[in-house]
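**Student:** There's a structure below that I have some questions on.
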Amino acid sequence: MVNVYAIDYIIMAVLIIISAIMALEAREIVYAIFFFDLFTIGIGGMFLLFNAGYVAMFQLAVYAGAVAVTVLFAVMLTRRTVTGKEIISFASIRNKIASLVLALSIAALMLILVSRYDWATPTGDYPDPLGGGAIFTSIVTNYVVPFLGISLILAASLVGSVALLREERSKKEVASK
Amino acid sequence: MTAVPTEWTVYLSIIILSIGLYGIFTRRSMIRILLGVELILGAATLNFIVFSMSVLNGDVVGHILTLFVIALAAAETIIGLILLIMLYKDVGSIDISLASDVKAEEQDEEQDEDKLTRGEKEDG
C-alpha cells in the first residue's frame, strides 16, 4: 500500500530543500526573498503534517508574512540599481570550495551521529494536536518566566532599533550645523 | 495513514543546516547572511516539532519552544536589518567585508588624535 503521508512528506521536503538553495543562490535578491518565503511556507506545511496547527499558523503569520516583508523593505531601502541586483562580488572559488567542504563535513559528522541513534516513531498516526488551549495554558503556567523574557527581548529590540536610527539622525544634524 | 520515520526529519534538518552554513560562509551580502541564519532557525524548529510529536508522544513543550524561537527570530531580524541600514548609510553598500574598514578608519582617527595630542605636549 502506498503511504500517502510519506509522499506528501517527500514532496514538501524537496520543495523546502530546493527553495532553501535558491534563496541563497538566486542572482537577484528579490527572487531570493521570494524563495525564502516559499521555504518558510514549506516549513509551515511540514508543521501541519505533524499535527502542529497552531505553530504552523504562527509560522505563516510571522515568518512568511512579517519577516519576509520586513526583509523586502530593507532591500528596497538599500538597493541601488533598478533591477535589484546586488553590487557585491560573490565569493572566490577557493572560498566556495573551502566552505562547501566545511559544511559537508559538519553535515556528515551529524549524519553519522544521528544514524547511530534509534529514534522513536509513533506506530499509527501522530498524536492528537491537543488544541491550542493546551499550549497557551502551559505558557501562562509552566513557562511564565521565559514568556516574560521573550516579551522583554522583543520590547528591547524595538526600542534599541529606534534608538539606533535616531542616534544616526542626530549625528547628521550635528554635522550639518 | 502512518507516521513517517523520525530520522527523515532529522536528516532533512541537517541538510537545511548545512545549506544555511554554506550560505553564511560564502555570501558577503548582509541580507543573504540573515537568510542563512533564518534557514538554520527553520531547521531547529522543525526538529523541535517532530521530537515533540514523536519522541515525546504529543507533549506541547516542543510547540512552546518553537513559538519562542519564532519570536526570537523576529527580534533578531529587526536588529539585523537595522544594522544593515546603518551599514548602508555609513559605507553606501551592504557588503559585510566593508564593515571591517569602518573599524579601521575609526582606529586611524584615534591614532591621529593621539599623535596630535602628543605633538601638542611636545610643543608645550
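For the record, the sequence lines run as chains F and C. Residue 152 in numbering that gives the first Met the number 0 sits at position 153 of the first sequence, with consecutive numbering throughout. Residue 14 in numbering that gives the first Met the number 0 sits at position 15 of the second sequence, with consecutive numbering throughout. Backbone N, C-alpha and C fix where the C-beta goes; we use that ideal spot for every residue, glycine too. It should be emphasised that the depicted structure is a prediction, and the values quoted were computed from it without experimental measurement.
If we define contact as Cβ-Cβ less than 7 Å, is Ser12 (chain C) a contact residue for chain F?
**Tutor:** No, Ser12 (chain C) does not count as interfacial toward chain F.
**Student:** Rounded to the nearest angstrom, what separates Ile81 (chain C) and Thr1 (chain C) at their Cα positions?
**Tutor:** About 45 Å.
**Student:** Once you ignore the five residues that flank Leu14 (chain F) on each side, which residues in its own chain have a CB closer than 6 Å to its CB?
**Tutor:** Excluding positions up to five away in sequence, the list reads Gly41.
**Student:** Report the option in F:Ile134, F:Thr77, F:Tyr4 whose CA atom is closest to the CA atom of Ala51 (chain F).
**Tutor:** Nearest option by C-alpha distance: F:Ile134.
**Student:** Can you tell me whether Asp89 (chain C) is helix, strand or coil according to DSSP?
**Tutor:** Asp89 (chain C): helix per DSSP, three-state reduction.
**Student:** From which residue to which residue does the alpha helix (DSSP H) around Asp7 (chain F) run?
**Tutor:** Element bounds for Asp7 (chain F): 3-24.
**Student:** Here's the rule: buried if 16 or more other CB atoms are within 10 angstroms of the residue's CB, otherwise exposed. What is Glu172 (chain F)?
**Tutor:** Result: exposed.
**Student:** Between Val70 (chain F) and the rest of its own chain, which residues show a CB-CB distance below 8 Å, the 5 nearest in sequence each way excluded?
**Tutor:** Ile32, Phe35.
**Student:** Between C:Ser92, C:Val3, C:Met85, C:Ala73, which has its C-alpha nearest Leu40 (chain C)'s C-alpha?
**Tutor:** It is C:Ala73.
**Student:** Alpha carbon to alpha carbon, how far is Val158 (chain F) from Leu55 (chain C)?
**Tutor:** Those two C-alpha atoms are separated by around 38 Å.
**Student:** Return no unless some Cβ of chain C is closer than 7 Å to the Cβ of Val29 (chain F).
**Tutor:** Output row for Val29 (chain F): interface = no.
**Student:** Within the 7 Å Cβ cut-off, does Leu37 (chain F) reach chain C?
**Tutor:** Closer than 7 Å: no.
**Student:** What are the residues in the segment 67-84 of chain C lying within 9 Å of chain F by C-beta distance?
**Tutor:** Under the 9 Å Cβ criterion, the segment 67-84 of chain C contributes Phe67, Ile69, Ala70, Leu71, Ala72, Ala73, Ala74, Glu75, Thr76, Ile77, Ile78, Gly79, Leu80, Ile81, Leu82, Leu83, Ile84.
**Student:** Tell me the rounded alpha-carbon separation between Thr5 (chain C) and Leu76 (chain F).
**Tutor:** Rounded to the nearest angstrom, the two C-alpha atoms are 42 Å apart.
**Student:** Kindly identify the DSSP beta-bridge partner or partners of Glu75 (chain C).
**Tutor:** Paired residue(s): none; Glu75 (chain C) is not in a bridge.
**Student:** Which whole-angstrom value is the C-beta distance of Met11 (chain F) and Met45 (chain F), which I expect to be below 8 Å?
**Tutor:** Right, their Cβ atoms sit about 6 Å apart.
**Student:** Please state the DSSP three-state secondary structure of Ile15 (chain C).
**Tutor:** The answer is helix: DSSP assigns Ile15 (chain C) an H, G or I state.
**Student:** Can you list the alpha helix (DSSP H) stretches of 4 or more residues lying completely in the segment 26-56 of chain C, in chain order?
**Tutor:** The qualifying runs are 29-49.
**Student:** Anyone know if the C-beta pair for Tyr142 (chain F) and Ile69 (chain C) falls short of 7 Å?
**Tutor:** No, these two residues do not count as a Cβ contact at 7 Å.
**Student:** If we count the other Cβ atoms within 10 Å of its Cβ and call it buried at 16 or more, is Tyr116 (chain F) buried or exposed?
**Tutor:** Exposed: under 16 other Cβ atoms inside 10 Å.
**Student:** Under 8 Å Cβ-Cβ, which residues of chain C neighbour Ile17 (chain F)?
**Tutor:** None at all; the shortest Cβ gap to chain C is about 10 Å.
**Student:** Alpha carbon to alpha carbon, how far is Leu71 (chain C) from Ser92 (chain C)? Give it in angstroms, no decimals.
**Tutor:** Distance between the alpha carbons of Ser92 (chain C) and Leu71 (chain C): 27 Å.
**Student:** Here's a check: name, in chain order, each residue in its chain whose Cβ is nearer than 7 Å to the Cβ of Tyr8 (chain F), leaving out the five neighbours to either side.
**Tutor:** For Tyr8 (chain F), where only same-chain residues beyond five positions count, the Cβ hits under 7 Å are Leu48.
**Student:** Determine, using beta carbons only, whether Leu40 (chain C) comes closer than 7 Å to chain F.
**Tutor:** So no, Leu40 (chain C) is outside the interface.
**Student:** Any idea what DSSP makes of Pro4 (chain C), helix, strand or coil?
**Tutor:** It is coil, neither helix nor strand.
**Student:** I'd like to know if Met11 (chain F) contacts chain C, where contact means its C-beta is closer than 7 Å to some C-beta of that chain.
**Tutor:** False, the Cβ-Cβ gap to chain C never drops below 7 Å.
**Student:** If we ignore side chains and look at the alpha-carbon of each, how far apart do Val9 (chain C) and Phe38 (chain F) end up?
**Tutor:** Val9 (chain C) and Phe38 (chain F): Cα-Cα distance of roughly 17 Å.
**Student:** Can you find a CB in chain C that lies within less than 7 Å of the CB of Gly83 (chain F)?
**Tutor:** Residue confidence for Gly83 (chain F) is low, a pLDDT of 48 falling below 50, so the modelled location carries little weight; the figure read from the coordinates is stated next. False, the Cβ-Cβ gap to chain C never drops below 7 Å.
**Student:** Quick one: is Val3 (chain C) buried, meaning 16 or more other Cβ sit within 10 Å of its Cβ, or exposed?
**Tutor:** Classification of Val3 (chain C): buried, given that the 10 Å Cβ count is 16 or more.
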